[in-house]
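Shown next, in structure tokens, is the structure this report addresses.
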Amino acid sequence: MLSRNTPSDSAPPIRSGLSTAPRRRALRAVATTALALTLTAGTGVLAAPAAGAAPAAPAAAAAAAVSPYQHGPDPTEDLIEAPRGPYATAQISVSRLSVTGFGGGVIYYPTTTSEGRFGAIAISPGFTATWSSLDWLGPRLASHGFVVFGIETNTLLDQPDSRGAQLLAALDYLTQRSSVRDRVDASRLAVAGHSMGGGGTLEAAKSRPSLKAAIPIAPWNLDKTWPEVRTPTLIIGGQLDTIAPVATHSIPFYLSLSNAPEKGYLELLGASHFFPQTSNTTMAKYMISWMKRFIDDDTRYSQFLCPAPNDFTLSDSRVTCPV
1 MLSRNTPSDS
11 APPIRSGLST
21 APRRRALRAV
31 ATTALALTLT
41 AGTGVLAAPA
51 AGAAPAAPAA
61 AAAAAVSPYQ
71 HGPDPTEDLI
81 EAPRGPYATA
91 QISVSRLSVT
101 GFGGGVIYYP
111 TTTSEGRFGA
121 IAISPGFTAT
131 WSSLDWLGPR
141 LASHGFVVFG
151 IETNTLLDQP
161 DSRGAQLLAA
171 LDYLTQRSSV
181 RDRVDASRLA
191 VAGHSMGGGG
201 TLEAAKSRPS
211 LKAAIPIAPW
221 NLDKTWPEVR
231 TPTLIIGGQL
241 DTIAPVATHS
251 IPFYLSLSNA
261 PEKGYLELLG
271 ASHFFPQTSN
281 TTMAKYMISW
291 MKRFIDDDTR
301 YSQFLCPAPN
311 DFTLSDSRVT
321 CPV
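Here full-length UniProt numbering is used: the first residue of the sequence shown is 1, the next is one more, and so on.
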């Protein structure tokens, strides 16, 4: 079994964080440009930095920009590990009789109407399971500024390809017909799921490249390669999973994501296949961080993902280090 932050030679971790020196240079460049702008304020002329000063790096300037989709206070470890985030939430049950393409479910959403629209996440349970097996996730994610749709599947035995299609049908319902559609930004959507729901998450991302994020949790799928996925994808596996062993599921899935713009693999120390079915702080904190970073384009959360987490609750961590 892979040890924490020490993958085998055949599956090397990718941990390409920015070094200290480039960070210092980028910060100096931004500071220099800011000083020039301050000194020339009111003159109508944009003065160039003094001779010898480093020009502002485009990447640094972009990183300093605030996302128009950013919600909530500056994040801390305590905030993302807490049972609830900064937003009060409410929920609505959706009958399977009122929808097509999936089996209904429960929608969780922030109650505020003063911050514009929120990104949304559809989540599928696993084989033979119902949404109640994951329902702790709904209010926890929603309280960080997302609309979350925990779905029921058409049948308990639906396979991953069907679950993927149902996740997409749920997102379409959420953005087009649901009673909270005016709260949802239809351009910022994501999917997640457990077990066959995790396999379905990969299927959904493959089918709809416009998705902003995907998080398969202890995913199971007969298809082991996913080069078609072009969505930032975080896979969370359990070290002692015997139903979807990480060596034949999560890790090959992660390694095959050759066209995903960003990807991550986190493996929970000592966890079985069923770790998502009870409240799990490690799983929640990194789900929140990934979704905030890619649904909201909120770079404040990069600090929890880059470099790859060195968390005592993880037996392995690999992240392409989004900044």
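Note that beta-carbon positions come from the ideal geometry of N, C-alpha and C, so glycine has one too.
Continuous alpha helix (DSSP H) stretch holding residue i: start and end
i, result
"P232", "No alpha helix (DSSP H) contains P232, which DSSP labels as neither H nor E."
"G145", "No alpha helix (DSSP H) holds G145; DSSP gives it neither H nor E."
"Y69", "Counting along the chain, Y69 falls outside any alpha helix (DSSP H), and DSSP gives it neither H nor E."
"F294", "T281 to I295"
"Y173", "P160 to Q176"
"D298", "Where D298 is concerned, there is no enclosing alpha helix (DSSP H), given that its DSSP letter is neither H nor E."
"I80", "E77 to E81"
Beta-carbon proximity list for residue i, same chain, < 6 Å, skipping 5 on both sides
i, result
"T233", "A214, L257, A260 and K263"
"K292", "D298 and Y301"
"A204", "G164, L167, L168 and V191"
"P160", "M196, G199, G200, E203 and N221"
"S315", "R4, Q239, E267 and L269"
"F146", "F118, G119 and I121"
"T225", "S256"
"A51", "Note that A51 scores 41 on pLDDT, short of 50, meaning its location in the model is unreliable and no value can be drawn from it."
"N154", "G103"
"R188", "G119, K212 and I295"
"Y265", "I235, Y254 and R318"
"H144", "G85 and I288"
"A170", "F102, A122, F149 and I151"
"K206", "E228 and V229"
Same chain, Cβ closer than 7 Å to residue i, five either side skipped, listed in chain order
i, result
"T112", "Y87"
"A186", "T175"
"T242", "H273"
"A62", "Note that A62 scores 46 on pLDDT, short of 50, meaning its location in the model is unreliable and no value can be drawn from it."
"C306", "G17, V319, C321, P322 and V323"
"V99", "Y173"
"I80", "K285, I288, S289 and F304"
"T313", "L268, L269 and T282"
"P22", "At P22, the pLDDT of 38 sits below 50, so the modelled position is not reliable; the number obtained from the coordinates is stated separately. Once the five neighbours on either side are set aside, P22 has no close Cβ partner at all."
"S208", "Rather than Ser, the amino acid found at residue 208 in this sequence is Arg. Around R208: L168."
Distance between beta carbons of residue j and residue i, contact taken as under 8 Å
i, j, result
"L269", "Q239", "6 Å"
"V184", "A120", "5 Å"
"R140", "P83", "7 Å"
"G85", "R96", "Incorrect: roughly 29 Å between the Cβ atoms, too far for contact."
"G237", "V246", "4 Å"
"P219", "A244", "6 Å"
Extent of the continuous beta strand (DSSP E) to which residue i belongs
i, result
"V252", "The sequence as given places Pro at residue 252; Val does not occur at that position. Segment S250 to S256 is the alpha helix (DSSP H) holding P252; no beta strand (DSSP E) there."
"R188", "V184 to H194"
"I243", "From DSSP, I243 is part of no beta strand (DSSP E); its letter is neither H nor E."
"residue 331", "Since the first residue shown for the chain is 1 and the last is 323, residue 331 is missing from the structure and cannot be characterised."
Cβ-based neighbour list, residue i, same chain, cut-off 8 Å, excluding 5 preceding and 5 following
i, result
"W136", "T278 and S279"
"S67", "D296, D297, D298 and T299"
"Y128", "Per the sequence shown, the amino acid found at residue 128 is Thr instead of Tyr. Here the set comprises L156 and L157."
"F294", "A190, K212, A213, P232, E262 and P322"
"Q70", "D296, D297, D298 and R300"
"V180", "I92, I107, Y109, V147 and L174"
"T248", "K224"
"L134", "I123, P125, G150, H194, P276 and Q277"
Residues that DSSP places opposite residue i in a beta bridge
i, result
"V91", "Per the sequence presented here, residue 91 reads as Gln, with Val not at that position. According to DSSP, Q91 bridges with Y108."
"V319", "G264"
"A120", "V147 and L189"
"L314", "L268"
Neighbour flag for residue i against chain D, beta carbons, 8 Å
i, result
"T130", "Although the question refers to chain D, the structure presented lacks it and comprises just one protein chain."
Original post:
Would the segment 149 to 158 and the segment 67 to 77 be scored as touching if the rule is three or more Cβ pairs under 8 Å?
Top reply: no
**OP:** Would you be able to state if there are at least three C-beta pairs under 8 Å between the segment 270 to 277 and the segment 248 to 260?
**Re:** no
Original post:
Is it true that the segment 194 to 209 meets the segment 118 to 127, where meeting means three or more beta-carbon pairs spaced less than 8 Å apart?
Top reply: Short answer: they touch.
**OP:** Check whether the segment 79 to 92 touches the segment 101 to 121, counting contact only when three or more Cβ pairs, one atom from each stretch, lie closer than 8 Å.
**Re:** yes
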